[in-house]
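**Q** Sending over a structure as structure tokens; questions will come in a sec.
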Amino acid sequence: MTVTPGDIATTTLTVRNDSDIVEAYSLEVVGDCAPWTTVEPARVSLYPGTSETVTIRLAPPRSPEIRAGDKPLGVRVLPTEHPESVRVLETTVHVGEFHELQTELAPRRRRGWLRGRYRLAVRNQGNTPVQVGFTPGQAGEELGFAFAPAEPKLEPGESTEVVLRVRTAKPVWFGNPVVWPFTVDTAETGDQEAAAESGRDEPAVRAPLDAEFVQIPVFPKWLLALLAALLALLLAWFTLVRPAVRSAAKEAAHEAVQPRPTTAGDQGSGDSPGTGGNNKPGGKASGAPSKTGGGGDGGSGGDGTSGGAGRQSSATIDLKTSGGQTRTGTYKVPEDSVFGVTDIVVANFQGDEGVLTITFGERKITTIALETFRNQDYHWVTPIKIPANDSVTINVTCAKPGTPATGRQAQGCHEVLNVSGVLSRTGE
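So, in structure tokens, the structure goes:
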């Protein structure tokens, strides 16, 4: 007998009672075919010398568990009255081949710059071993395909996962994403002519699976817009903002070193503070601040208003230093006075390089690298008090003279320090 899984085949069996009594016979299928074979009817009663034909129905399910090939079929006939006379009739059933592949491609859509990776799940739902092959297809030749493994072998009911790699020939630099559609055909490999000659089913061919590879540009639109905005801001900075900032800095440095106008009561001895009459280091500011009470003379750079609790006063130390040398300029607090400093301004209008140190008496206030500033100011809510005969000192080590607004490098370093605060008489 021959039967294909999913179909139905029948045959007959004749039972004859050769005994001299009425006998009942039970019929039962045994062997590998028993799960999907039935006998109709399964019990017969016969008078002596009579017979009856029963139908044997074979209905194997379309499942990979029903392997193709020859299988034994047995029918056991058991008499009720004489069980010792049991008989088993045997035959061979040829189970035909059927082919069925289940395939699934995931995901159906991938995004990437140059390549995409997909998973191709394949299951052999047929009842015979097969070798599977894959054939990609596309409208053009822009994509390259690689399957791993390329031709897997599957037993009935076995499944496997194949990795599909898709790659484009060149990147997309700008613009919109490009969609590349493609298909994948899955089929059994082998000699189809041999299958046709032997009467077996043709190797099953699945409908092609559709998928897409979306190639995204290397530089998206939003990045180009951002770069354009940043470039516009940079051009605006160099065109408008930067020149204005440099001009303001030069003007501020120039104003810081301009001589202050003096009033008739603020005439000094004519020497520059901090350099002495001969511009030697350690020289005092000859015009120390003094009271402006009954018309007395004031010091150079000092001004203020009269008052019982002291008056506002300021002094300027203008110090010039040759390259590679160190010089000191001072302002000495007058006798019987206390100078409460609240503000200092230091100007490096040439852009000199070196080190500047400011000291109030024995107290060091700050040390600054000249190349880090052009103008610097400090302010205190609580005045720093400098007693009588102590000094405000500026010490400059000139490493390299800078270039002032004239555009020509200076011969030496030039720094200016202005101190302001309240000058009070001792005991006030």
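Just so we're aligned, residue 348 is where the sequence shown starts under our numbering, counting upward by one.
We put the CB at the ideal spot given by N, CA and C, even for glycine.
These numbers come from a predicted model, not from an experiment.
1) Rounding to the nearest angstrom, what Cα-Cα distance links T713 and L582 in this structure?
2) In this structure, how does DSSP classify T586 when only helix, strand and coil are distinguished?
3) Please name the residue, chosen from A752, P503, D699, C760, that lies closest to N474 on a Cα-to-Cα basis.
4) Grab me the residues of S506's own chain with a C-beta within less than 6 Å of its C-beta, minus the 5 sequence neighbours each way, in chain order.
5) At what residue ranges does the stretch 431-485 contain a whole run of the beta strand (DSSP E), taking only runs of 3 or more?
6) How many Å lie between V386 and T450 at the Cα?
7) Do you know how far the Cα of V510 is from the Cα of V477?
8) Are at least three pairs of beta-carbons, each pair with one atom in the stretch 670-684 and one in the stretch 716-727, less than 8 Å apart?
9) For P518, count neighbouring C-beta atoms within 10 Å of its own C-beta (all shown protein chains included) and say buried if the count is 16 or more, exposed if not.
10) For the stretch 428-438 against the stretch 477-489, do three or more pairs of beta-carbon atoms, one drawn from each stretch, fall closer than 8 Å, so that the two count as touching?
11) Between G645 and S660, what straight-line distance do the alpha-carbon atoms span, to the nearest angstrom?
12) Just the Cα atoms here: how many angstroms apart are P734 and T586?
13) Compute the beta-carbon to beta-carbon distance between Q562 and P524, rounded to the nearest angstrom, for a pair I have assumed lies under 8 Å.
14) Counting Cβ pairs closer than 8 Å, one from the stretch 390-397 and one from the stretch 354-374, do we hit at least three?
15) Hey, quick one: how far does the beta strand (DSSP E) through Q659 stretch, first residue to last?
16) Going by DSSP, what residue range makes up the beta strand (DSSP E) through K679?
17) If you reduce the DSSP assignment to three classes, tell me which class P419 lands in.
18) Please classify T719: does DSSP put it in a helix, a strand, or coil?
19) Give the range of the beta strand (DSSP E) segment to which S366 is assigned.
20) Mind checking who K785 pairs with in its DSSP beta bridge?
21) Given this structure, state the Cα-to-Cα distance separating F686 from A662, to the nearest angstrom.
22) Which residue's Cα is closest to the Cα of G698: E709, F707, I715?
23) According to DSSP, I705 sits in a beta bridge with which residue or residues?
24) Is A356 closer than 8 Å to T427 when the C-beta atoms are compared?
25) From A406 to P483, what distance separates their C-alpha atoms?
26) Rounded to the nearest angstrom, what separates A381 and T536 at their Cα positions?
27) Give me the residue from D417, R514, A694, A576 with the minimum Cα distance to R457.
28) Does the separation of the CB atoms of E700 and G759 fall below 8 Å?
29) Is it buried or exposed, D417, if we count other Cβ atoms within 10 angstroms and call 16 or more buried?
30) For D557, count the other beta carbons within 10 Å of its own beta carbon; 16 or more makes it buried, fewer makes it exposed. Which is it?
31) Starting from the C-beta of K711, find all residues in its chain whose C-beta is less than 7 Å away, skip the five residues before and the five after it, and write them out in chain order.
32) Once the 5 residues before and after P419 are set aside, which same chain residues still bring their CB inside 7 Å of it?
33) Can you grab the Cα-Cα spacing for the pair D737 / R755, in whole Å?
34) Quick one: is H761 buried, meaning 16 or more other Cβ sit within 10 Å of its Cβ, or exposed?
35) Report the rounded CA-to-CA distance for N413 versus G522, giving the unit in angstroms.
36) Less than 8 Å between the beta carbons of V401 and L448, yes or no?
**A** Straight from the coordinates:
1) 38 Å
2) helix
3) P503
4) R470
5) 434-442, 448-453, 456-459, 462-471, 477-484
6) 38 Å
7) 19 Å
8) no
9) Exposed.
10) No, they do not touch.
11) Residue confidence for G645 is low, a pLDDT of 35 falling below 50, so the modelled location carries little weight; the figure read from the coordinates is stated next. The alpha-carbon atoms of G645 and S660 are separated by roughly 10 Å.
12) 52 Å
13) 6 Å
14) yes
15) 658-669
16) 673-679
17) strand
18) helix
19) Per DSSP, S366 belongs to no beta strand (DSSP E) and is neither H nor E.
20) The question about residue 785 has no answer, for the chain in this structure spans 348 to 775.
21) 11 Å
22) I715
23) T713, I741
24) no
25) 38 Å
26) Straight-line Cα distance between these residues: approximately 33 Å.
27) R514
28) no
29) exposed
30) exposed
31) Hits under 7 Å: T704.
32) G378, D379, E437, T439
33) 38 Å
34) A residue is called buried once 16 or more other Cβ atoms fall within 10 Å of its Cβ, and H761 is buried on that count.
35) One detail in the question is off: residue 413 reads as Ile in this sequence, not Asn. Approximately 56 Å, taken between the alpha carbons.
36) no
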